[in-house]
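Remember, our numbering sits 3 above the position in the sequence shown when you count from 1.
Every residue gets a Cβ at the ideal spot worked out from N, C-alpha and C, and that includes glycine.
Here's the structure we're looking at; comments come further down.
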Amino acid sequence: MLSVHEIFLRLTVAAVLGAVIGIERDLNRRPAGVRTSLFVCLATALFTILSGEIAHRFGDTGSTRIASNIVQGIGFLGAGAILREAGGVVGMTTAATVFVEAAIGMAAGGGLYAVAVYGTGLVLFGLVCIGWAARRFHLKCRNMVFRVTASHAESVATEIQRLMAGMKFPCSTSAFPWREGAPLSNLNPTSATASRKRLSPSSIARAWSPKSFQSRAITNEQ
Numbered sequence: 004m005l006s007v008h009e010i011f012l013r014l015t016v017a018a019v020l021g022a023v024i025g026i027e028r029d030l031n032r033r034p035a036g037v038r039t040s041l042f043v044c045l046a047t048a049l050f051t052i053l054s055g056e057i058a059h060r061f062g063d064t065g066s067t068r069i070a071s072n073i074v075q076g077i078g079f080l081g082a083g084a085i086l087r088e089a090g091g092v093v094g095m096t097t098a099a100t101v102f103v104e105a106a107i108g109m110a111a112g113g114g115l116y117a118v119a120v121y122g123t124g125l126v127l128f129g130l131v132c133i134g135w136a137a138r139r140f141h142l143k144c145r146n147m148v149f150r151v152t153a154s155h156a157e158s159v160a161t162e163i164q165r166l167m168a169g170m171k172f173p174c175s176t177s178a179f180p181w182r183e184g185a186p187l188s189n190l191n192p193t194s195a196t197a198s199r200k201r202l203s204p205s206s207i208a209r210a211w212s213p214k215s216f217q218s219r220a221i222t223n224e225q
């Protein structure tokens, strides 16, 4: 049976480690920041402690079922962070981070402090160092969605293809829906994936100055 001081220590370690990961997420303006990360680690640590205490007091051998239920519950929580947007799927990194935060909380709740701290270090290495390397060397694909408004919708599709080909910008597919006979049309090209290429709305504007459009970039890493 754990002492009160030991329980407090485990919960504190879990909360601190979760907050450290959450600070990194907040600094990069990502979902699941300090409070969410802290609560995930704290909750899983508390469940882990309770499962051990229940097994010790009542001789229940089903404490492992509580741990498995934690994994299932965190899976649902992480799935809620994954969103389908016009440019692709976002939130995969957030979902994975929440999942590993649960494991760190369980390790802290089980008294495996070294494992919890080392796991937190690996998470920060993946988020900070690998994330920086992916941005620095353009290893991460970026989805960009463009909304184009033109006065002659019939020729816009051809002109967009010509523009993209001239800039050597790879387009996965081309879908340009519009209403027939409409004087103005909003076109939504399917997301184009850039790999090791720098493309920004300003560069498009310089290359295609006669047209009026709005654009935004969507990365599939959140």
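{"Check": "Residue burial classification, I52 (beta-carbon count within 10 angstroms, cutoff 16)", "Outcome": "buried"}
{"Check": "Distance, G134 Cα to E12 Cα", "Outcome": "Looking at the sequence shown, residue 12 is not Glu but Leu. The straight-line gap from Cα to Cα measures roughly 32 Å."}
{"Check": "Whether G25 touches A35 by CB criterion (9 Å)", "Outcome": "yes"}
{"Check": "Residues near L41 by beta carbon distance below 7 Å, same chain, minus five either side", "Outcome": "A18, G21, A22, G25"}
{"Check": "Residue range of the alpha helix (DSSP H) that includes R60", "Outcome": "37-61"}
{"Check": "Outcome for V126 when other beta-carbon atoms lying within 10 angstroms are tallied against a minimum of 16", "Outcome": "buried"}
{"Check": "6 Å Cβ shell around M4 - same chain, five flanking residues per side excluded", "Outcome": "H59"}
{"Check": "Exposure of V93, with buried meaning 16 or more beta-carbon neighbours within 10 Å", "Outcome": "buried"}
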